[in-house]
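> There's a structure below that I have some questions on.
Residue numbers (the working numbering): 628 to 1121.
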């Protein structure tokens, strides 16, 4: 930890900056003119630690005015500017401090951080190199320096720094992630997988590491072979967590049979909740929701405090038509995890299916608030509002759904229904024509468009749309008959 800045988690893609806090309250300040410079500096430092940068700045500006050769005063003054967001002044302050005291560690560190934030990586690297010469055992600085080298395209230098960093005891997560990033940049994907696998051993539940490892394994033709090869080289067998990881990789490649096999191995190996949910998710993708219920229900009591477990079970109940049971599970999940937008959305869907659309509005609204970029959430919220006669708010939600995903024909169709019902036929026509372009098999668009064309006096177009509606209707009926005489269809999975 540095005096002025605290380094947060350092990710391969960037830097997060936080200023340190925590010190007891300060005594009443005496007039500045009566304080010696040493007291001004000490009080300024204390105010900084107490997160009062404006009070610190006034004291420290007085200090440097009276003692312009005080490197400590300039360094703390730069800290106050940094906390206030006055980055250019902070940079000038740190540089002045270093002119007076070239080996001042805090100034070297903080100036490097600021320059990195401003994407001046070459300048930042020089300060980190100077600090590394002073403090060769520091665990943070090599990673920061390597970040600069990566941004400058100096991958060889970055890799050397990071390989040394991960060999040190108690190496941080950032070193592993940065080294993986450097390997990826030099097309050494298997080595990236290797270092991420090692990081996963140290931080098995870390979402960032698991996500990075999954992404890299997805790029390999044989994720299982890659992971098994690395494990064999380290003298380790694949563990249940590895099988869960592989299940996710193969599911992402749409190789569901292989994904299911690895998930089943994870469950058999005692992989606990992650293994059960991995297998459940794959079975849901295959439409085998009754099997999901059979898998999860016996252990529901054991995982009764897991919102994710209850939500996953609820989805399968929903998919088999048990909307009441699903709704109860979704409601319990949101009470435990209020930020779980999917659970609110599915709760709204379940209530709608139960014939209680007025009760669905609140969970839909919460889903939209939590995840405003999901077109389905806006669509179902808008549809529920419209069906309850709240056409204005419904129209706004449906417009938003179309803005997010213009290829989603149902949203355009429902928006066109509102336009058509309020004598805005030109707007309805526009939406329906776009809906048919986006989804030519969406039957309802043709019939409504024939009516809109008719009201607009476009008789030939109206007849053509009606004929297309009937042709498509016959085709869909024939396909349904063939499906019913076949082996059966998979359960619904909205």
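For each residue, glycine too, the CB sits at the ideal point set by N, CA and C.
#1: Which ranges would you report for the beta strand (DSSP E) in the stretch 960–988 if only whole runs of at least 3 residues count?
#2: Are there 16 or more other CB atoms within 10 angstroms of the CB of residue 1005, so buried, or fewer, so exposed?
#3: Grouping DSSP H, G and I as helix and E and B as strand, with all else coil, what is residue 804?
#4: Quick one: measure Cβ to Cβ for residue 738 and residue 718, integer angstroms, because I've assumed they're closer than 8 Å.
#5: Taking only the alpha-carbon atoms, compute the straight-line gap between residue 888 and residue 913 and give it to the nearest angstrom.
#6: According to DSSP, simplified to helix, strand and coil, what is residue 849?
#7: Does residue 958 come out as helix, strand or coil in the three-state DSSP assignment?
#8: Pick helix, strand or coil for residue 779, following the three-state DSSP scheme.
#9: Curious, which full-length alpha helix (DSSP H) runs of at least 4 residues does the stretch 1001–1032 contain?
#10: Can you give me the C-alpha to C-alpha distance between residue 1052 and residue 966, rounded to a whole angstrom?
#11: By Cβ distance below 8 Å, which residues in the same chain neighbour residue 652 in space, the five residues on each side in sequence not counted?
#12: Tell me the residue span of the alpha helix (DSSP H) that contains residue 940.
#13: Roughly how many whole angstroms lie between the Cα atoms of residue 927 and residue 918?
#14: Quick check on DSSP: helix, strand or coil for residue 701?
#15: Please report the straight-line C-alpha distance between residue 750 and residue 956, rounded to a whole angstrom.
#16: Taking buried to mean at least 16 other C-beta atoms within 10 Å of its own C-beta, is residue 993 buried or exposed?
#17: Can the beta-carbon of residue 898 be found less than 8 Å from the beta-carbon of residue 868?
#18: Going straight from the alpha carbon of residue 872 to that of residue 866, what length do you get?
#19: Please state whether DSSP places residue 655 in a helix, a strand or coil.
#20: Taking 8 Å as the limit between beta carbons, can you name the residues of its chain near residue 730, skipping five residues before and five after?
From the atom records:
#1: none
#2: Residue 1005 sits at position 378 when you count from the first residue of the chain shown. Buried, because 16 or more other Cβ atoms sit within 10 Å of the Cβ of residue 1005.
#3: For this step, residue 804 is matched to residue 177 along the chain shown. Reduced to three states, the DSSP call for residue 804 is helix.
#4: Reading the chain shown from its first residue, position 111 is the one you call residue 738. Reading the chain shown from its first residue, position 91 is the one you call residue 718. Correct: roughly 7 Å between the Cβ atoms.
#5: As a working note, residue 888 is residue 261 in the chain shown. As a working note, residue 913 is residue 286 in the chain shown. Distance between the alpha carbons of residue 888 and residue 913 is about 13 Å.
#6: Translated into positions along the chain shown, residue 849 becomes position 222. Of the three classes helix, strand and coil, the one that applies to residue 849 here is coil, per DSSP.
#7: One-based indexing of the chain shown puts residue 958 at position 331. DSSP places residue 958 in helix when its eight states are reduced to three.
#8: On the chain shown, residue 779 is found 152 positions in, with the first residue counted as 1. Looking at residue 779 - three-state DSSP - the assignment turns out to be coil, as it is neither helix nor strand.
#9: 1002–1014, 1018–1031
#10: Locating residue 1052 in the chain shown gives position 425, counting from the first residue. Locating residue 966 in the chain shown gives position 339, counting from the first residue. Straight through space, the alpha carbons of residue 966 and residue 1052 are spaced by roughly 40 Å.
#11: Taking the first residue of the chain shown as 1, we reach residue 652 at position 25. Confidence at residue 652 is low in this model, with a pLDDT of 41, below 50, so the placement of that residue should be treated as unreliable; the coordinate-derived value is given next. Same-chain partners within the cutoff: 677.
#12: By one-based count along the chain shown, residue 940 stands at place 313. Looking at the DSSP string, the run of the alpha helix (DSSP H) that includes residue 940 is 934–946.
#13: In the chain shown, residue 927 corresponds to position 300, counting from 1. In the chain shown, residue 918 corresponds to position 291, counting from 1. If I take the Cα positions, the gap works out to 14 Å.
#14: Counting from 1 along the chain shown, the entry for residue 701 is found at position 74. Residue state, collapsed to three classes: helix.
#15: Walking along the chain shown from the start, residue 750 turns up at place 123. Walking along the chain shown from the start, residue 956 turns up at place 329. Rounded to the nearest angstrom, the two C-alpha atoms are 55 Å apart.
#16: Taking the chain shown and counting its residues from 1, the one referred to as residue 993 is at position 366. Residue 993 should be labelled buried.
#17: As a first step, residue 898 must be located in the chain shown, where it is residue number 271. As a first step, residue 868 must be located in the chain shown, where it is residue number 241. Closer than 8 Å, so yes.
#18: As a first step, residue 872 must be located in the chain shown, where it is residue number 245. As a first step, residue 866 must be located in the chain shown, where it is residue number 239. Spanning the two alpha carbons is a distance of roughly 10 Å.
#19: Numbered from its first residue, the chain shown carries residue 655 at position 28. Low confidence applies here, because residue 655 scores a pLDDT of 46, under 50, leaving its location unreliable and the question unanswered by this model.
#20: Taking the first residue of the chain shown as 1, we reach residue 730 at position 103. Closer than 8 Å at the Cβ level, and outside the excluded window around residue 730, lie 757, 761.
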